[in-house]
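Visitor:
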Amino acid sequence: MCQTVAVSEKVDPDRRDWWRHAVVYQIYPRSFADANGDGIGDLAGLTDRVPYLQALGVDAVWLSPFYPSALADGGYDVDDYRAVDPKIGDLEQFDALVAALHGAGLRLIVDIVPNHSSNRHRWFQEALAAGPGSPARGRYIFRDGRGEKGELPPTDWEAAFGGSTWTQTEDGQWYFHLFADEQPDFNWDHPEVRADFIKTLAFWADKGVDGFRVDVANGLAKDLSEPLPDAARLKTIPAGPDHPFYDRDEVDAIYREWRRLFDRYDPPRFAVAEVWTDLPDRRLRYARPDSLGQAFNFDLLRADFAADQFRSLVDKNLAAAAKADSSSTWVLSNHDVVRTASRYGLPLAGADDGAYPPPTLARDVAWLLSGGTSPVEDVALGLRRARAASLFILGLPGSAYLYQGEELGLREVAQINPADRQDPAFFRSQGREVGRDGCRVPLPWTTDGPSLGFGPGPAHLPQPGWFKDYAVSLQAGDPDSTLALFRQALSQRHALLSGLSRSDEAFRWLPAPAGVLAFARGDAWQVWTNFGDTDQPLPPGEVLLASTPLEGRLPAAATVWLRP
Ligand code: GLC
Ligand code: CA
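So in the working numbering, spot 369 of the sequence shown is number 418, and the numbers just go up one at a time.
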């Protein structure tokens, strides 16, 4: 089960902690590159673009789900965990992708979705057929309903995409799902569920996969024993040991078992947990060396482009990562949120007062609901801030996660024809939430063709006319483009990090004027970001890289990398 796969010479197997300061590029495979022209991105298209990723200078790729799926939730509804969706490719093409990435010196992290399967998964189909009380139902969470005839769901809880967390089957029982109806939650108390995921992880690790991104990592352990709180009370229970399904202590044991498997490989496999929580101390449990190893810090997604907010979240997360003997992660964008360049083009939302959703997320959702018309996006300012924020995070200790298109400064597609929408959040909320399709529109590679070089045919989610202005082909030859900035930043980051003794630790704040944050990494690298809207004096030193032309100043909404 645990044979060691020969990795190409270019990936150094001795670097056991490669992930600590890796730049990881997230690929949403159905929207990256389509080789066969059916409108859906595929593994062959992705393999063709490995040279692009290599030239960009990222260290690893995180591949969002590519498993067989009816796409009720963009592939996060998995029919079969140890196969490739035939619409996307096959296992042989997967092996070819691993070989191409490793040959180019890049690692591969795959998404694992352990909280729920799809309703088409063999086990769920078996459970439905086997009927109430059957052992097959024990792998999921089935309950009788309330009311005289069990006609009411067991609780009044609302699912993450709207609607109830319970769906009734034809025989009258109800099954539990945190997300869409098509995503029944597993019962993680069931030994077969645990064993099957170990098998799945080993399957991909044996194929040479370097690590895993663990979807809804904080949701697996549940205690749904009676009496269950009603929806109103549920909202008052903090995630943690008393919550029926979020962040219970029992998740620790699951990941300790996974870690034992990971550590049987050489180099050990790595994992990063998706955990949305305000409490870095709880998040740390997933990041510890005896657990998954790293946990996403999403604080930047809930922060304004503002010096005080950035400073406090950096302090908080660096301290937390050190405490867990992990490294911090920096995330400005992913497949679940409004693209950075658009988000930063909106008016500042104000400090997070602990409310959920935080003001920035609430503002982004309101903006999406208006079809991007209110407030009006300041396109130039958004891009300028996004470039500045990117150079800021790429200077920090820890690893940075980039989402496909972020390196192009791509904006959110706020206006999408309802007939073209795919996100279950849109359908389940009757359009009250427009959902996440706007950040999942296929990438523009060229300025012409039926899908701007994404593939030889039209794309599964139509690209707006303005997308061509962001095409890779335009940016690749333009030294001032956002793509050029990312390429320079990543190559310089590599060189600068290799000059640091403990590259993940050397960090200190420097005194700076109000509205400016400055920090040093060792003696040869300083990062200065002006978050304000007036120019500041340029600090002394040799300019290594700047997010915007400097003209002797540190302009508003700009970052400069300096050698003092
Ligand atoms: C995670 C994924 C998201 C998905 C959800 C349910 O939050 O990032 O895209 O919809 O889990 O699997
Ligand atoms: Ca295709």
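The beta carbon of each residue, even a glycine, is placed where N, CA and C say it ideally should be.
1. Got a sec, what are the start and stop residues for the beta strand (DSSP E) residue 261 sits in?
2. Candidates 266, 502 and 238: which alpha carbon is nearest residue 342's?
3. How would you call residue 53, buried or exposed, if buried means at least 16 neighbouring beta carbons within 10 angstroms?
4. Return the CA-CA distance between residue 460 and residue 485, expressed in angstroms with no decimal places.
5. Can you say whether residue 196 is buried or exposed, counting buried as having 16 or more other CB atoms within 10 angstroms of its CB?
6. Do the CB positions of residue 434 and residue 354 come within less than 9 Å of each other?
7. Restricting to Cα atoms, I'd like to know which of 242, 154 and 149 is closest to residue 171.
8. Note down, one range per segment and in chain order, each beta strand (DSSP E) of at least 3 residues found wholly within the segment 366 to 438.
9. Once DSSP output is grouped into helix, strand and coil, what is the label at residue 449?
10. Run through DSSP, which three-state label would residue 335 get?
11. Taking DSSP as the reference, what is the three-state secondary structure of residue 237?
12. Tell me whether residue 83 counts as near ligand 2, meaning its Cβ is closer than 8 Å to at least one heavy atom of that ligand.
13. Please find out if some non-hydrogen atom of ligand 2 comes closer than 8 Å to the beta-carbon of residue 90.
14. Does residue 424 pass the burial test, meaning 16 or more other C-beta atoms within 10 Å, or should it be called exposed?
15. Evaluate residue 271 with the Cβ neighbour count: other Cβ atoms within 10 Å of its Cβ, from every protein chain shown; 16 or more gives buried, anything less gives exposed.
16. How many whole angstroms separate the CB atoms of residue 187 and residue 236, which I take to be in contact at a CB cut-off of 8 Å?
17. Are the beta-carbon atoms belonging to residue 462 and residue 475 less than 9 Å from one another?
18. Name the residue from 194, 317, 289 and 84 whose alpha carbon lies nearest to the alpha carbon of residue 332.
19. Can you find a heavy atom of ligand 1 that lies under 8 Å from the Cβ of residue 211?
20. Where does residue 222 sit, in a helix, a strand or coil, going by DSSP?
21. For a minimum of 4 consecutive residues, which ranges assigned as the alpha helix (DSSP H) are wholly contained in the segment 54 to 125?
22. For residue 589, collect the residues of the same chain with a Cβ closer than 6 Å to its Cβ; drop the 5 residues on either side in sequence, then sort them by chain order.
23. Mind checking which residues open and close the beta strand (DSSP E) that includes residue 575?
24. What distance in whole Å lies between the Cβ atoms of residue 258 and residue 159, which are believed to be in contact at a cut-off of 8 Å?
25. On the DSSP letters alone, give me the boundaries of the beta strand (DSSP E) that residue 342 sits inside.
26. In its own chain, which residues sit with a C-beta less than 6 Å from the C-beta of residue 136, not counting the 5 before and 5 after it?
27. Could you tell me whether any non-hydrogen atom of ligand 2 is closer than 8 Å to the CB of residue 303?
28. Drop a sphere of 10 angstroms on the beta-carbon of residue 479, count the other beta-carbons inside from all chains shown, and report buried for 16 or more, exposed for fewer.
29. Hey, how far is the Cα of residue 77 from the Cα of residue 112?
30. Can you tell me which of the three DSSP states residue 591 falls into?
31. Spatial neighbours of residue 64 within its chain, please: CB distance less than 8 Å, with the 5 preceding and 5 following residues excluded, ordered by chain position.
32. Give me whichever residues DSSP pairs with residue 612 in a beta bridge.
33. Would you say the beta carbon of residue 232 is closer than 8 Å to some non-hydrogen atom of ligand 1?
34. With distances taken Cα to Cα, identify the nearest neighbour of residue 493 among 80, 66 and 69.
35. So is the beta-carbon of residue 87 under 8 Å away from any non-hydrogen atom of ligand 2?
Guide: This is what the structure holds:
1. That run of the beta strand (DSSP E) goes 260 to 263.
2. Out of 266, 502 and 238, 266 has the C-alpha closest to the C-alpha of residue 342.
3. Confidence in residue 53 is poor, its pLDDT being 39 and thus under 50, which makes the residue's placement too unreliable to answer from.
4. If you draw a straight line from the Cα of residue 460 to the Cα of residue 485, it is about 13 Å long.
5. Around the beta carbon of residue 196, a 10 Å sphere encloses fewer than 16 other beta carbons of the protein chains shown; the residue is thus reported as exposed.
6. It is a contact, given that the beta carbons lie within the stated cut-off.
7. Taking only the C-alpha atoms, the option nearest residue 171 is 242.
8. Counting only runs of 3 or more, we get 378 to 380.
9. In the structure shown, residue 449 falls within a strand segment according to DSSP collapsed to helix, strand and coil.
10. Here residue 335 sits in helix by DSSP.
11. Secondary structure at residue 237: coil, using DSSP grouped into helix, strand and coil.
12. Yes; taking the cut-off as 8 Å, the Cβ of residue 83 has a heavy atom of ligand 2 nearer than that.
13. Checking the 8 Å criterion, the Cβ of residue 90 is within range of a heavy atom belonging to ligand 2.
14. Answer is exposed; the Cβ neighbour count stays below 16.
15. Here residue 271 is buried. Its C-beta has 16 or more other C-beta atoms within 10 Å.
16. Between residue 236 and residue 187 the Cβ distance is about 6 Å, and since that is below 8 Å, they are a contact.
17. Contact flag unset, no.
18. Across the set 194, 317, 289 and 84, the C-alpha of 289 shows the shortest separation from the C-alpha of residue 332.
19. The answer is no for residue 211.
20. Of the three classes helix, strand and coil, the one that applies to residue 222 here is coil, per DSSP.
21. Runs found: 92 to 97 and 99 to 105.
22. Same-chain partners within the cutoff: there are none.
23. Per DSSP, the unbroken beta strand (DSSP E) holding residue 575 starts and ends at 574 to 579.
24. Taking 8 Å as the upper bound for CB-CB distance, residue 159 and residue 258 are in contact here, some 5 Å apart.
25. Residue 342 -> beta strand (DSSP E) spans 342 to 344.
26. So the list reads 89, once near-sequence residues are dropped.
27. Not one heavy atom of ligand 2 falls within 8 Å of the beta-carbon of residue 303.
28. Here residue 479 is exposed, its C-beta having fewer than 16 other C-beta atoms within 10 Å.
29. C-alpha separation (whole angstroms): 6 Å.
30. Residue 591 carries a strand assignment under DSSP once its states are collapsed to helix, strand and coil.
31. The beta carbon of residue 64 lies closer than 8 Å to those of 316 in the same chain, with the five residues before and after it left out.
32. In the DSSP assignment, residue 612 is bridged to 591.
33. For residue 232, the shortest C-beta to heavy atom distance toward ligand 1 is below 8 Å.
34. Per the Cα distances, 80.
35. Yes; taking the cut-off as 8 Å, the Cβ of residue 87 has a heavy atom of ligand 2 nearer than that.
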